């Protein structure tokens, strides 16, 4: 099978699909966050991704790096949450790594996820196994890295990894944030941030894959 092209148009379509999907998942994410957090994740991400949609609407120009810089800037400015800020800044990290690229290889997808995970770990002061979005990002990176040379397949594998990573957090004892205060009471449900990343990664892959 020939490799499919992951260009700026497809990446933009994936990001816009994520904007719509986050709005659909608002209640689900709010419920997960309420179990171990402030209960505002769904609403804050709806605000943030509405800003991303506005930023990207009607403009297909530019390279993949510039697209992620713009999307990340809009999200981190508008989303009133730690998750939104961390993800927005992680997208900006990925954007800088992909500066000038109009077509992405599978290795670029893996590299972008690695840069994003490193940024979240550094800024958030977290590491793997602490029941955070980092667990989802690392699982995305690892699955994408095993997906072969097709960049669209790498995105799809990243989405599968994000879902698996989110599910794995349900058995982890929270150690950071408000969830860390309530400890074992948060176990049994997946982390809201990791679940949000699973929604976003799945939507990006689905949107980018459409012809």
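Numbering (UniProt numbering), first residue to last: 1 to 211. We treat Cβ as the ideally placed atom computed from N, Cα and C, and that holds for glycine. This structure is a prediction, so every number in the text was calculated from the model and none was measured.
As assigned by DSSP and simplified to three states, the class of residue 7: What you label residue 7 is simply residue 7 of the chain shown in a count that begins at 1. DSSP places residue 7 in strand when its eight states are reduced to three.
Using DSSP with H/G/I as helix, E/B as strand and the rest coil, what is residue 104? Sequence index remark: in the chain shown, residue 104 carries index 104 (1-based). Here residue 104 sits in strand by DSSP.
Would you call the CB atoms of residue 123 and residue 63 closer than 8 Å? Reading the chain shown from its first residue, position 123 is the one you call residue 123. Reading the chain shown from its first residue, position 63 is the one you call residue 63. Residue 123 is not a Cβ neighbour of residue 63, given a cutoff of 8 Å.
Whose C-beta lies closer than 6 Å to the C-beta of residue 25 among residues of the same chain, with five residues either side of it excluded? For the purposes of this step, residue 25 is identified with residue 25 of the chain shown, where counting begins at 1. The residues 199, in chain order, have a CB closer than 6 Å to that of residue 25 in the same chain once the five nearest residues on each side in sequence are set aside.
Between the CA atoms of residue 157 and residue 182 - distance to the nearest angstrom: Position 182 of the chain shown, counted from the start, is the residue given in the question as residue 182. Position 157 of the chain shown, counted from the start, is the residue given in the question as residue 157. Reliability fails at residue 182, whose pLDDT of 49 lies under 50, so the model's placement of it is uncertain and the value that follows must be treated cautiously. Rounded to whole angstroms, residue 182 to residue 157 spans 33 Å at the Cα level.
Going by the beta-carbon positions, is the gap between residue 140 and residue 32 smaller than 8 Å? The residue you call residue 140 lines up with position 140 of the chain shown. The residue you call residue 32 lines up with position 32 of the chain shown. At the C-beta level, residue 140 and residue 32 stay beyond 8 Å of one another.
Is the CB-CB distance between residue 120 and residue 133 below 8 Å? Looking up residue 120 in the chain shown gives position 120. Looking up residue 133 in the chain shown gives position 133. Yes.
Measuring CB atoms only, is the stretch 71 to 86 touching the stretch 45 to 61, in the sense that at least three cross pairs come out at less than 8 Å? Contact check between the stretch 71 to 86 and the stretch 45 to 61: three or more CB pairs, one atom from each, fall below 8 Å, which counts as touching.
In whole angstroms, what is the alpha-carbon distance linking residue 260 and residue 130? Because the chain here runs from 1 to 211, residue 260 falls outside it and cannot be looked at.
If residue 166 sits next to residue 190, beta carbons under 8 Å apart, how far is it from one beta carbon to the other, in whole angstroms? As a first step, residue 166 must be located in the chain shown, where it is residue number 166. As a first step, residue 190 must be located in the chain shown, where it is residue number 190. Confirmed, about 5 Å.
Residues in the same chain with beta-carbon distance under 6 Å from residue 52, minus the five sequence neighbours each way, listed in chain order, please. On the chain shown, residue 52 is found 52 positions in, with the first residue counted as 1. Excluding residues within five positions, the ones whose Cβ falls inside 6 Å are 19, 71, 74, 75.
From which residue to which residue does the alpha helix (DSSP H) around residue 199 run? Sequence index remark: in the chain shown, residue 199 carries index 199 (1-based). In the DSSP assignment, residue 199 falls within the unbroken alpha helix (DSSP H) covering 192 to 209.
By the 10 Å Cβ neighbour count, where 16 or more other Cβ atoms means buried, how is residue 10 classified, buried or exposed? What you label residue 10 is simply residue 10 of the chain shown in a count that begins at 1. Counting C-beta atoms within 10 angstroms of its own C-beta, residue 10 has 16 or more neighbours from the protein chains shown and is therefore classed as buried.
Going by C-alpha to C-alpha distance, which of 7, 8, 14 sits closest to residue 201? The residue labelled residue 201 in the question sits at position 201 within the chain shown. Selected option, being the one with the closest Cα: 14.
Those runs of the alpha helix (DSSP H) which lie wholly inside the stretch 73 to 127 and span at least 4 residues: For the stretch 73 to 127, whole alpha helix (DSSP H) runs of length 4 or above, ordered along the chain, are 82 to 97, 106 to 124.
Selected residue, minimal CA-CA separation from residue 106, among 117, 142, 84: As a working mapping, residue 106 is identified with position 106 in the chain shown. In terms of Cα proximity to residue 106, the closest of 117, 142, 84 is 142.
Could you tell me the alpha carbon to alpha carbon distance between residue 2 and residue 34, rounded to whole angstroms? Residue numbering aside, residue 2 sits at position 2 when the chain shown is read from its first letter. Residue numbering aside, residue 34 sits at position 34 when the chain shown is read from its first letter. Note that residue 2 scores 46 on pLDDT, short of 50, meaning its location in the model is unreliable and no value can be drawn from it.
Counted within 10 angstroms of its Cβ, other Cβ atoms place residue 90 as buried (16 or more) or exposed: To locate residue 90, count along the chain shown from 1; it is residue 90. That one is buried.
Give the range of the alpha helix (DSSP H) segment to which residue 140 is assigned. Walking along the chain shown from the start, residue 140 turns up at place 140. Counting along the chain, the unbroken alpha helix (DSSP H) around residue 140 starts and ends at 133 to 145.
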